[in-house]
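Chains as they are written, first to last, in the numbering used here: chain A, 1 to 235; chain B, 1001 to 1235.
Don't be surprised by glycine CBs; every beta carbon is placed ideally from N, CA and C.
Just below is one structure, and these are the notes that go with it.
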DNA sequence: TAATATATGTTGTAAAAACAACAGAAATGA
DNA sequence: TCATTTCTGTTGTTTTTACAACATATATTA
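Quick look at the structure:
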């Protein structure tokens, strides 16, 4: 695992444009990125395939952006069962929540599945606006707030569905939300059946059965991704 | 529902000290709060018991802090079934994620269960640091990042457990995390059985049975809130 | 268009969870 | 200390879900 500062590393990597397309740097011009990296002291670390970037239990002080390669977050339980939580692709920001809140430990391993370059940005430098008071640093901070807030919404939403005990209740929660978002009782959903089942953490075929039971009961109608909800008198 | 600016309303409410204890205003002196409220144009709204602060589907541009009284967030599905998601107490910040991301609709109703006073802060004014460049405004922004990040961690963590399909897997996920946090295989948990069951969205007695099954299999031992995990060879 | 692949729905069976009812342990308080 | 309440564990029954295997519908592509 070798370490370089961003401005040196970027000579070979040529990732300025890629970074400029990240939400975190939205509104920052590619040519401003290098200045930003100086003031945030961005460091680029190289990991070989199979090497661990983070291990469950670590405490960290830097947020990470994957520049090249690929890494995954994996959860390994006490008894050794492994579960892949997430695949992280170039341009994605990760570990930021644990870097900002330094006391908290990282809950999962992060491991390189290809040779990878990772940009590390110290959370304090990311959050505290530097003395030079550069406008783009403030912009990054605003972007960070937006990203955290967006993620928060998505998580809250999913959690509302997953907190329901039965498949039917999960479906009702999901479909109600889709209907609220659409602003009407007829709407399309973005997920296919398998994706929806995965999202709601249920079996696909069992979910299909439940949907058709609900259709028989007159609660709703659907064809593929198009749903219609019906209020009806209790029989 | 009547509306006043903060500095006027606070004459009767006397909530400067309470606000100063909120995480959002941590590090801001009580006497600075009023200046901050001027520059953020904080408005205080009064709602009578039963009145709706927000309805599912609304778009909003202000974050809310409950000053006095009590409100709840409730989810009502398309078929009219009501579910209380959250009780909000004085000092708590809510709706901030939907205010920051203006395009998104609020997914649940918020209704006053007592006569309540609510401080509304326009999200743009909260996030954009004002021209006067007051230090405490920047401090509030830092606090907001910390709050969003903390909440993000809690949600991610809960979601990791709830994404598991079976009670056993949920328990394994929860206990593994507790063990990682403790840094050893022996630890106390903060929740009692009913709270843990609610957190994992399973039935308490079924969860108790599962725990004792796991104990019989030699995976772990426990007494009340004290748990010990055992690695053991497959029999 | 035919052939193939993919997505969705259906059914019966096995497994798991919820539910209900109760017993015993621990905590609380008079 | 005893009575009462709260918490936890246990058991049997019912309900729900997962699972597997297959049927049908839809989409894709040769």
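query                                                                                                                              : result
Residues in the segment 213-231 of chain A having any Cβ partner in chain B nearer than 8 Å                                        : 219, 229, 231
Residue 1051 of chain B (DSSP reduced to helix, strand or coil)                                                                    : coil
Span of the beta strand (DSSP E), counted from its first residue to its last, around residue 71 of chain A                         : 71-76
Close-in-space but distant-in-sequence residues of the same chain around residue 216 of chain A (CB under 8 Å, 5 per side omitted) : none
Residue-level contact to chain A via CB, residue 1082 of chain B, 9 Å cutoff                                                       : no
Opening and closing residue of the alpha helix (DSSP H) in which residue 1112 of chain B lies                                      : Element bounds for residue 1112 of chain B: not the alpha helix (DSSP H) but the beta strand (DSSP E), 1109-1112.
Proximal chain A residues relative to residue 1158 of chain B, where beta-carbon distance stays under 8 Å                          : 159
Positions along the segment 1104-1117 of chain B whose CB lies within less than 7 Å of some CB in chain A                          : 1104, 1105, 1107
Beta-carbon neighbours of residue 174 of chain A, restricted to chain B and to distances below 9 Å                                 : The contacting residues do not exist; residue 174 of chain A stays about 10 Å from chain B at best.
Buried versus exposed, by CB contacts within 10 Å (16 or more), residue 1075 of chain B                                            : buried
Top-ranked residue by Cα proximity to residue 1148 of chain B, from A:186, A:114, A:100, A:136                                     : A:100
Cβ neighbours of residue 1015 of chain B in the same chain (closer than 6 Å, five flanking residues each side left out)            : 1067
Members of the segment 141-170 of chain A near chain B, C-beta cut-off 8 Å                                                         : 141, 142, 144, 145, 146, 148, 149, 150, 151, 152, 153, 155, 156, 157, 158, 159, 160, 162, 163, 164, 165
Contact set for residue 1200 of chain B: own chain, Cβ-Cβ below 8 Å, skip 5 residues either direction                              : 1161, 1162, 1167, 1170, 1171, 1174, 1207
C-beta contact flag for residue 1121 of chain B and residue 145 of chain A at 9 Å                                                  : no
Range of the contiguous beta strand (DSSP E) that encloses residue 1083 of chain B                                                 : 1082-1088
Close-in-space but distant-in-sequence residues of the same chain around residue 234 of chain A (CB under 8 Å, 5 per side omitted) : In this prediction, residue 234 of chain A scores a pLDDT of 39, lower than 50, which makes its location untrustworthy; the coordinate-derived value is nonetheless stated afterwards. Closer than 8 Å at Cβ, skipping near neighbours: no residue.
Contact set between the segment 1012-1025 of chain B and chain A, restricted to residues whose Cβ is under 7 Å from the partner    : none
Endpoints, alpha helix (DSSP H) assigned at residue 1173 of chain B                                                                : 1167-1182
Simplified DSSP assignment, three categories, for residue 153 of chain A                                                           : helix
7 Å Cβ cut-off: residues of chain B touching residue 177 of chain A                                                                : 1107
Boundaries of the alpha helix (DSSP H) in which residue 16 of chain A is found, first to last residue                              : 16-20
Option in B:1119, B:1185, B:1031, B:1032 with minimal Cα separation from residue 1004 of chain B                                   : B:1119
Residue 177 of chain A burial status per 10 Å Cβ neighbour count (16 or more: buried)                                              : buried
Pairwise C-alpha distance: residue 223 of chain A and residue 1193 of chain B                                                      : 42 Å
Outcome for residue 88 of chain A when other beta-carbon atoms lying within 10 angstroms are tallied against a minimum of 16       : buried
Assigned exposure category for residue 164 of chain A - 16 Cβ within 10 Å defines buried                                           : buried
Contact set between residue 77 of chain A and chain B, taken where Cβ atoms lie within less than 7 Å                               : 1172, 1173, 1176
Whether residue 1057 of chain B touches residue 231 of chain A by CB criterion (9 Å)                                               : no
Neighbour list for residue 1056 of chain B in chain A, Cβ cutoff strictly below 7 Å                                                : 180
Bridge-paired residues (DSSP) for residue 1093 of chain B                                                                          : B:1065
DSSP bridge partner residues for residue 1025 of chain B (one or two, in chain order)                                              : Beta-bridge pairing links residue 1025 of chain B to no other residue.
Secondary structure of residue 234 of chain A, DSSP reduced to three states                                                        : Reliability of the predicted coordinates at residue 234 of chain A is poor, the pLDDT of 39 falling under 50, and no value is obtained from them.
Status (buried if at least 16 other CB within 10 Å, exposed otherwise) for residue 1123 of chain B                                 : buried
Listed by chain order, chain B residues near residue 183 of chain A by CB distance under 9 Å                                       : 1057, 1105
For residue 114 of chain A and residue 1 of chain A, the rounded distance between their alpha carbons                              : 13 Å
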